[in-house]
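Novice: First residue of the sequence shown: 30, per this note's numbering; consecutive thereafter. Positions of the beta carbon are idealized from the N, C-alpha and C atoms, including for glycine. Predicted model, so just to flag it, every value in this text is computed and none were measured.
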Amino acid sequence: MNRDDLRELRRAYRDDGAVHVAGLLDPAALDLAEAAFRWSLANPGPASSRPFDGIDGSFYQDLCNPEAPKNTEYQALLTGSPLAEVVSAIWDDPQIWFMYEQVFLKEGGESRRTPWHQDAPYLSVEGEQLAVVWITFDHVDAADSLEFVRGSHRSTLFNTSAFDAADETAPLYEGLPRLPDIEADRSNFDIISWAVEPGDVLIFHPAMLHGGAPTHTGGRRRTLTLRFFGRDAVYVERPGNGVAPMVEGLHESSVPGLPFRHDAFPDLARTGR
Ligand SMILES: O=C(O)CCC(=O)C(=O)O
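(1) Relative to the alpha-carbon of Glu130, which residue among His168, Asn100, Arg40, Phe88 has its alpha-carbon at the smallest distance?
(2) Leaving out five residues on either side along the sequence, give the residues of the same chain with a beta carbon under 6 Å from the beta carbon of Val225.
(3) Output yes or no for whether 8 Å exceeds the beta carbon distance between Val154 and Phe294.
(4) Would you call Asp91 buried or exposed, if buried means 16 or more other Cβ atoms sit within 10 Å of its Cβ?
(5) Which residue comes first and which comes last in the beta strand (DSSP E) that contains Val50?
(6) State yes or no: is the C-beta of Arg204 within less than 8 Å of the C-beta of Pro243?
(7) At which residues does the beta strand (DSSP E) containing Ile232 begin and terminate?
(8) Beta carbon of Ser87, beta carbon of Gly156: below 8 Å?
(9) For the segment 269–283 against the segment 99–115, are there 3 or more C-beta pairs whose distance is under 8 Å?
(10) What do you get for Gly46, buried or exposed, if any count of 16 or more other CB atoms within 10 angstroms of its CB means buried?
(11) Going by beta carbon distance, what residues of the same chain come within less than 6 Å of Ala58, once the five residues before and after it are set aside?
(12) Exposed or buried, which one is Arg32 when buried takes at least 16 other CB atoms within 10 Å?
(13) Under DSSP, the alpha helix (DSSP H) around Leu208 begins and ends at which residues?
(14) On the three-state DSSP scale, how would you describe Asp296?
(15) When you compare only the Cα positions, how much space is there between Glu37 and Ala118?
(16) Note down the Cα distance separating Glu212 from Leu134, rounded to an integer number of angstroms.
(17) Between which residues of its own chain and Val284 is the CB-CB distance below 7 Å, once the five residues before and five after are set aside?
(18) Where in the segment 141–203 do unbroken runs of the beta strand (DSSP E), each at least 3 residues long, occur, reported from the N-terminal end onward?
(19) Can you say whether Leu287 is buried or exposed, counting buried as having 16 or more other CB atoms within 10 angstroms of its CB?
(20) Comparing the CB of Gly241 with every heavy atom of ligand 1, is any distance shorter than 7 Å?
(21) According to the neighbour-count rule (16 or more other Cβ atoms, all chains shown, within 10 Å of its Cβ), is Arg302 buried or exposed?
(22) Considering only residues of the same chain and omitting the five flanking positions on each side of Ala160, which have a CB-CB separation below 6 Å?
(23) Helix, strand or coil, according to DSSP, for Arg39 in the structure here?
Shown next as structure tokens:
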């Protein structure tokens, strides 16, 4: 990547909150990512779920499997691909830790949208140096891709979606303001999305409002996301201590406002590069 491209990537990440990096993963790195994804499907963790059971198609997700960071497929991906390097280049800081993984599998008939939400309200961490890397193994058109509200990571922190099929804005917790009904009012939001080919990645800040299109009959979307934090990340208390990351002893050993650190999070600056 040349200096102008990197400068633009940093600007877009800071101002817009989401970027598309075309062709970041070569076939070998994509194979590593797919092996990690397959491991997750074969090894459901305690948080695996089908949030919209009863729909025509299938919608499966899993996140924060405590075994994933110890697993050789994930280790190979984290240390053998350019993902951590590109995220730390965007942050302009060599310090980077892996926080957790999440997988999505949508297939069969008409699956559901992933409701509009922010990840930040369910994470016990805050900072500029936070990133979600979204990798899909199937081509998606811009209309069927992950969508974002541009710049929303710098605006209101809403309650997150409880993924309630009857009302996608239904909150998960008490306290934070309820999500706006973006689907009912799309023209009032500055929505951005990209067509994505296998090998491309989307990188976004977890405070971004985002939602994912459904797949359609005969379609399939296999998506792996990896979440990273950097030096400026601090621990925050969230209602219910947050849904993620689920790391034993994290809350007991952390203090609000102090650096977010735990031995369970692989340090990629030291070990990977
Ligand atoms: O891929 C999707 O449909 C949703 C992705 C998402 O919500 C996330 O990665 O946080």
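Specialist: Quick answer:
(1) Asn100
(2) Thr165, Val169, Ser174
(3) no
(4) buried
(5) 47–50
(6) Correcting the residue type first, residue 204 is Gly in the shown sequence and not Arg. Going by C-beta atoms, Gly204 is not nearer than 8 Å to Pro243.
(7) 230–233
(8) no
(9) no
(10) buried
(11) Ser110
(12) exposed
(13) Taken as a continuous stretch (DSSP letters only), Leu208 belongs to no alpha helix (DSSP H), as it is neither H nor E.
(14) strand
(15) 12 Å
(16) 22 Å
(17) Tyr264
(18) 143–146, 159–165, 175–178
(19) exposed
(20) yes
(21) Only weak support exists for where Arg302 lies, its pLDDT of 45 falling under 50; the coordinates are left without a value.
(22) Val116, Ile232, Phe257
(23) helix
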